[in-house]
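*Asks:*
Chains as they are written, first to last, in my numbering: chain A, 1167 to 1596; chain B, 1167 to 1596.
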C-alpha cells in the first residue's frame, strides 16, 4: 500500500482536531483512500503549548521550510486563518507542488482568484469544505451532486455565534449584551466577537457560496451587510408576536435581473426549517430548478465538526476528486461563466424598522411622510406606550416591499430628523 | 470537445425528467463535465405514449440491443424499477461495457453484491444517488464528504408517501383511509400503495444506507419493519397530547453490541428537525463521531427532484468520481469491512401500545400482568371512556425500555387473550 505524506500548518483548535483524526483514526482514513496517510509535519509558531495530543517526535516544527522543501509531502492543510501570512503560505505551498486543503473563508473570499489561478498554474488542487458551514458538506453538494441544477437561491445561517446569541435572546428573554457574554462563557464567541456579530464572517462565506453557485466574484466588502449587534430584546418580542423569528441570513437570490446578494438579520416565518435552527447550528438551504428545496443542517464550527470537513477534503484530495471537480468548474477563473450581480440599491423587499422617537404629536406623521415621499408603503405600525412622560418612545414600522435604494435614502433622512434618536434598526422580512 | 453518449432505459416519470435535463439543459451539463453529453437512445416497451417531450428522431426504441450493441454508448441509465428484468438488464449493460446509473432501490437492496461484483469484473461503475431520498445528495455525502467519520446513527424519513399521509392525518385530523385517498389524488401515492405504507420501500432504502455507512449486507426481508397502515387518527391525537409526532423512520444505530436496524412508525419529540418534516419531504439525519449531527432535507420523490440526482450521477460517472469512490469503498464486496448486525430481538426500546379490549373489570390487570411477566414496565396508561356500554374500549400503554424479543412475545400472548380484539398496534418511541 502506498503512503501519502500530509502536513498541517496552524496547530490551533481545528488543527488539533485534524491531528487527532489523522493520527488516531488511521484505519478509517486508509479504508477511505486505499492508502496509508501519514501526518509528517505540523507547523506552528507556538511549539510549546500543550494541545492535549502527543505528536510523534520530529513532527512539530516552527519552520515552514521543512514542509516546503520536502517533496515527499503532497498534501498541505492550511489552518492559520486570516489573510497574511496565510495567503503567502498557500501560494508557496502550491508553488512547491502541494495540494492544499484550507478552512480559510477570509482568504478565499478575498483572494480566491489569485489562489485558484496559482493552483491551475502549478497543476494542484485547493479544497475548502471547512470554509463554509463547518462539518456540513455544502461545498461538496453544490459542486458535485447538485450540478444538474440551475440554482435559484441560497439562504444560509453560517455563523453559529450569531445564531447562538439570537437563540438565547429568544428562548431566555435575555438581552443582546448578556447573550454575547453567555456565548463567550461557553466558547461560542471569541473575546472580540466583532467579525461574527457585525456580519463579516457571514458575508465572506456568502461570497464563496455565490462563486460556487453562480460563478460571481464580488468583493465581499461591496455586499450589503447588517449584523446582529443592533438587535435588541424588544425586537425579539415584537417579531415573535408577529409570528417571526430573527435569523442572521446570507442570501444569494437569482432574479431575472441579476443575483441579489446580502447579509441581514431577517424575520423568517416560524415553523420553517430556517426558523427552527437553534444554538450554534448552521443551515444552508439551496433551491435548484430540478431538485427544488434542499436543506443541509449541522454543526458549523467547533474542533471536531470542522476537522471532519478538513479530513474529508484530505481524502477527496488524495483520491483526486477535488482536482477533477474544481478543474471542470473553473472555480474563480476569469473564463468561468458568471451571472450578473444586481445593484444592491435595486433589491426589493419588505422591512422591519425600529425607530426611537420623541413622544409628541406629529412624529408619526413626519416619519411616515418621509417614507411616503420615497414610495415606501406601510404595512403595520406598533408604538409602545412610554414609561414616563417625555422619554423617547419606540416606534416599529413594517413596510411593504420597496426598493433598497429608496429605503436607505428614507432612513438617512429620518435618522437626521430632530424627532428621532440614534440610528434606525432595519431588518429585512422574508 | 469530446462527446459522451448516454442511453436511458425506462421512459416513465423519472425517465422523462432525465430526458428533459439531458436534452434541454445541455449547457449546464457541458459546464459540469467539460464534455458534450448526448442522449442517443431511450428504450421503453411503450414507444407510443406521449410524455410531453419530443425526442430526436431515432432515439426512442423498444429494442435494448440497440444500446447493448452500440459500443459508443458509455453510460446507461436504468429507470425500470423492480427486480426483473431490471437485474438482467443492468448485468447485461455492465457486461457490454457501460457504466450504469440507477434509481432502483429494490434492485440494490436485493442484488447489491451481484451488481457490484459484476461492475468490478467488467471495470465499470454503478451510481445510485436517486435510489435513496430522491434529490437529496445523501449517498454522496456519506460516501465522500463524511468519510472522516465513524458513523454512529442514521435516522431517515425516506418515504414521501407515508410522510404525506401522516402529515395530513396530523394537520387535518383526517383518518388513515382518507389521507391515503388524498395522497392518491395528488399523485403522492400509487393506486396500490402497499409497498410504501407497509414499510417495504423504506426498509429497502435502509438496507442501502446500512451498506454504505456500516458495510453490513442484511437481507432486507430480515429487517424488522412496521408500516403506517395500522396507525389511526386516535394515535395521532394521543401522541400529540404527549408531545410527540409520528414519523415512519428507518433507523440504523451503531451500538456496542452491533448495528440495530429497523423500520417503524416512531414517536419523535416535537420541535426536532425529524418531527418538523412535512408533506412528501424526506429527511436523513446522520450522526458521525466527528461531525456530530448532520441533517439533509429535501424532496425524496417526483420527476424533477429524482432526475436531479440521476443526472448528477451521470455527471459523476462521466468525470470518473463514481468509480473512484465506490472502488475504494469496496461497496457490497465480500472483503468490505463490516460491523455486526444486532439480533433484532435484543434491541431495547420504549413502546407505544394500543389495544382494543373488552370493557369489563380485570382487563387492565390481565394485560399489565402479561407485560409484567415479560419484564416490561409500564410508564403510562390511558383508557378512553366507552361511547356505549359493552362496546370495546381503546387502551393505550407507554412502556419503559424493554427487550424487543420480550415485547413481541408479550404482544403475541396479549393478542391471544379473549379480552382483546384484533392485533395490538405497536410503535417505537424515540
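Note that the Cβ used here is the ideal one computed from N, Cα and C, for glycine as well.
Using the beta-carbon of each residue, which ones in chain B are nearer than 8 Å to residue 1310/A?
*Replies:* Counted from its first residue, the first chain places residue 1310/A at position 144. Under the 8 Å cutoff, chain B gives 1303, 1306, 1310, 1478, 1481, 1482, 1487.
*Asks:* Is the separation between the beta-carbon of residue 1244/A and that of residue 1266/A shorter than 8 Å?
*Replies:* For the purposes of this step, residue 1244/A is identified with residue 78 of the first chain, where counting begins at 1. For the purposes of this step, residue 1266/A is identified with residue 100 of the first chain, where counting begins at 1. Yes; because the gap between Cβ atoms is below 8 Å, this pair is in contact.
*Asks:* Can you pull the chain B residues whose beta carbon is under 7 Å from the beta carbon of residue 1315/A, in chain order?
*Replies:* Within the first chain, residue 1315/A is the residue found at index 149, counting from 1. Going along chain B in sequence order, the residues near residue 1315/A (Cβ under 7 Å) are 1474.
*Asks:* Using a Cβ cut-off of 7 Å, which residues of the region 1448-1471 of chain A contact any Cβ in chain B, in chain order?
*Replies:* So the close ones are 1454, 1456, 1457, 1458, 1459, 1460, 1461, 1462, 1463, 1464, 1465, 1470, 1471.
*Asks:* Are residue 1295/A and residue 1493/A close, meaning C-beta to C-beta below 8 Å?
*Replies:* Along the first chain, one-based indexing puts residue 1295/A at 129. Along the first chain, one-based indexing puts residue 1493/A at 327. Not in contact: residue 1295/A and residue 1493/A (Cβ atoms no closer than 8 Å).
*Asks:* Quick check: what's the CA-CA separation for residue 1456/B versus residue 1286/B?
*Replies:* Sequence index remark: in the second chain, residue 1456/B carries index 290 (1-based). Sequence index remark: in the second chain, residue 1286/B carries index 120 (1-based). Near 31 Å, if we compare the C-alpha coordinates of residue 1286/B and residue 1456/B.
*Asks:* Answer yes if the region 1301-1316 of chain B comes into contact with the region 1255-1265 of chain B, meaning at least three C-beta pairs across the two stretches below 8 Å, and no otherwise.
*Replies:* No, because fewer than three Cβ pairs between the region 1255-1265 of chain B and the region 1301-1316 of chain B fall closer than 8 Å, the two stretches do not touch.
*Asks:* I'd like to know if residue 1268/B contacts chain A, where contact means its C-beta is closer than 8 Å to some C-beta of that chain.
*Replies:* Residue mapping note: residue 1268/B aligns to position 102 of the second chain, counting from 1. No, residue 1268/B does not count as interfacial toward chain A.
*Asks:* So is residue 1388/A buried or exposed if we call it buried at 16+ other beta carbons inside 10 Å?
*Replies:* Locating residue 1388/A in the first chain gives position 222, where the first residue counts as 1. Answer is exposed; the Cβ neighbour count stays below 16.
*Asks:* For the alpha helix (DSSP H) containing residue 1404/B, list its first residue and its last residue.
*Replies:* Position 238 of the second chain, counted from the start, is the residue given in the question as residue 1404/B. Taken as a continuous stretch (DSSP letters only), the alpha helix (DSSP H) holding residue 1404/B covers 1399-1407.
*Asks:* Counting pairs of beta carbons, one from the region 1363-1372 of chain A and one from the region 1266-1285 of chain A, are three or more of them closer than 8 Å?
*Replies:* The answer is yes - the region 1266-1285 of chain A touches the region 1363-1372 of chain A, with three or more Cβ pairs under 8 Å.
*Asks:* To which residues does DSSP link residue 1568/B through a beta bridge?
*Replies:* Along the second chain, one-based indexing puts residue 1568/B at 402. Bridge partners of residue 1568/B: 1515/B.
*Asks:* Can you tell me whether residue 1254/B is helix, strand or coil according to DSSP?
*Replies:* Locating residue 1254/B in the second chain gives position 88, counting from the first residue. Reduced to three states, the DSSP call for residue 1254/B is helix.
*Asks:* Any beta-carbon of chain A closer than 8 Å to the one on residue 1336/B?
*Replies:* Numbered from its first residue, the second chain carries residue 1336/B at position 170. Judged by the 8 Å Cβ criterion, residue 1336/B is not in contact with chain A.
*Asks:* Given a cut-off of 8 Å, decide if residue 1596/B and residue 1335/B are closer than it, judged by their beta-carbon atoms.
*Replies:* Here residue 1335/B corresponds to residue number 169 of the second chain, with the count starting at 1. Here residue 1596/B corresponds to residue number 430 of the second chain, with the count starting at 1. It is not a contact, given that the beta carbons lie outside the stated cut-off.
*Asks:* Any beta carbon from chain A within less than 8 Å of residue 1607/B's own beta carbon?
*Replies:* The shown model of chain B, from 1167 to 1596, leaves out residue 1607/B, and the question about it has no answer.
*Asks:* So, residue 1565/A versus residue 1517/A, is the Cβ gap smaller than 8 Å?
*Replies:* Along the first chain, one-based indexing puts residue 1565/A at 399. Along the first chain, one-based indexing puts residue 1517/A at 351. Yes, Cβ-Cβ distance for residue 1565/A and residue 1517/A is below 8 Å.
*Asks:* Please decide whether residue 1199/B counts as near chain A, where near means a Cβ-Cβ distance under 8 Å.
*Replies:* As a first step, residue 1199/B is located in the second chain; it is residue number 33 there, counting from the start. Closer than 8 Å to some Cβ of chain A, the Cβ of residue 1199/B qualifies, so yes.
*Asks:* Where does residue 1212/B land, buried or exposed, given buried means 16+ other C-beta within 10 angstroms?
*Replies:* Position 46 of the second chain, counted from the first residue, corresponds to residue 1212/B. Burial call: exposed.
*Asks:* Of all the CB atoms in chain A, is at least one closer than 8 Å to the CB of residue 1442/B?
*Replies:* Position 276 of the second chain holds residue 1442/B. Yes, because at least one Cβ of chain A sits closer than 8 Å to the Cβ of residue 1442/B.
*Asks:* Along chain A, which residues have their Cβ under 7 Å away from the Cβ of residue 1494/B?
*Replies:* Locating residue 1494/B in the second chain gives position 328, counting from the first residue. The answer, in chain order, is 1198, 1199, 1200, 1485.
*Asks:* Restricting to runs no shorter than 4 residues, where is the alpha helix (DSSP H) found entirely within the region 1175-1260 of chain B?
*Replies:* The region 1175-1260 of chain B contains these whole alpha helix (DSSP H) runs: 1179-1190, 1192-1199, 1231-1234.
*Asks:* Less than 8 Å between the CB atoms is what I'm expecting for residue 1420/B and residue 1376/B, so what's the real figure, rounded?
*Replies:* Mapped onto the second chain, residue 1420/B falls at position 254. Mapped onto the second chain, residue 1376/B falls at position 210. Going by Cβ atoms, the distance from residue 1420/B to residue 1376/B rounds to 10 Å, so no, they are not a contact pair.
*Asks:* Starting from the beta carbon of residue 1194/B, find every residue of chain A whose beta carbon is closer than 9 Å, and list them in chain order.
*Replies:* Locating residue 1194/B in the second chain gives position 28, counting from the first residue. Within chain A, the residues near residue 1194/B are 1313, 1314, 1315, 1316.
*Asks:* So for residue 1294/B, helix, strand or coil by DSSP?
*Replies:* Counting from 1 along the second chain, the entry for residue 1294/B is found at position 128. Here residue 1294/B sits in coil by DSSP.
*Asks:* Below 8 Å, how does it come out for the region 1279-1293 of chain B and the region 1424-1431 of chain B: are there three or more Cβ pairs, yes or no?
*Replies:* Output reads no: the region 1424-1431 of chain B does not touch the region 1279-1293 of chain B.
*Asks:* Are residue 1591/A and residue 1563/A touching if we call contact CB-CB under 8 Å?
*Replies:* Walking along the first chain from the start, residue 1591/A turns up at place 425. Walking along the first chain from the start, residue 1563/A turns up at place 397. Their beta carbons are not under 8 Å apart, which means residue 1591/A does not touch residue 1563/A by this criterion.
*Asks:* Which residues in the same chain have their Cβ closer than 6 Å to the Cβ of residue 1441/A, if we skip the five residues on either side of it in sequence?
*Replies:* As a position in the first chain, residue 1441/A is number 275, starting the count at 1. 1411, 1434, listed in sequence order.
*Asks:* Could you tell me which of 1278/B, 1170/B, 1217/B sits nearest to residue 1240/B, measuring between CA atoms?
*Replies:* Numbered from its first residue, the second chain carries residue 1240/B at position 74. Here the closest residue by C-alpha is 1170/B.
*Asks:* For residue 1537/A, which of 1249/A, 1379/A, 1569/A, 1509/A has the nearest alpha-carbon?
*Replies:* Stepping through the first chain from its first residue, residue 1537/A is reached at position 371. Comparing Cα-Cα distances from residue 1537/A to each of 1249/A, 1379/A, 1569/A, 1509/A, the minimum goes to 1569/A.
*Asks:* Determine the closest residue to residue 1549/A out of 1263/A, 1438/A, 1400/A, with distance taken between C-alpha atoms.
*Replies:* One-based indexing of the first chain puts residue 1549/A at position 383. For the residues 1263/A, 1438/A, 1400/A, the minimum Cα distance to residue 1549/A belongs to 1400/A.
*Asks:* At 3 residues or longer, what runs of the beta strand (DSSP E) sit wholly inside the region 1419-1446 of chain A?
*Replies:* Correct list: 1424-1435.
*Asks:* Determine the extent of the alpha helix (DSSP H) in which residue 1593/B is found, giving its start and end residues.
*Replies:* The residue labelled residue 1593/B in the question sits at position 427 within the second chain. Counting along the chain, residue 1593/B falls outside any alpha helix (DSSP H), though it belongs to the beta strand (DSSP E) covering 1586-1595.
*Asks:* Under 8 Å between C-beta atoms, does residue 1433/B make it to chain A?
*Replies:* Locating residue 1433/B in the second chain gives position 267, where the first residue counts as 1. It does not; no Cβ of chain A falls within 8 Å.
*Asks:* Mapping DSSP to helix, strand and coil, what is residue 1302/A?
*Replies:* Against the first chain, residue 1302/A aligns to sequence position 136. The answer is coil: DSSP assigns residue 1302/A none of H, G, I, E or B.
*Asks:* Tell me the rounded alpha-carbon separation between residue 1197/A and residue 1482/A.
*Replies:* Taking the first chain and counting its residues from 1, the one referred to as residue 1197/A is at position 31. Taking the first chain and counting its residues from 1, the one referred to as residue 1482/A is at position 316. Roughly 13 Å between the two C-alpha positions.
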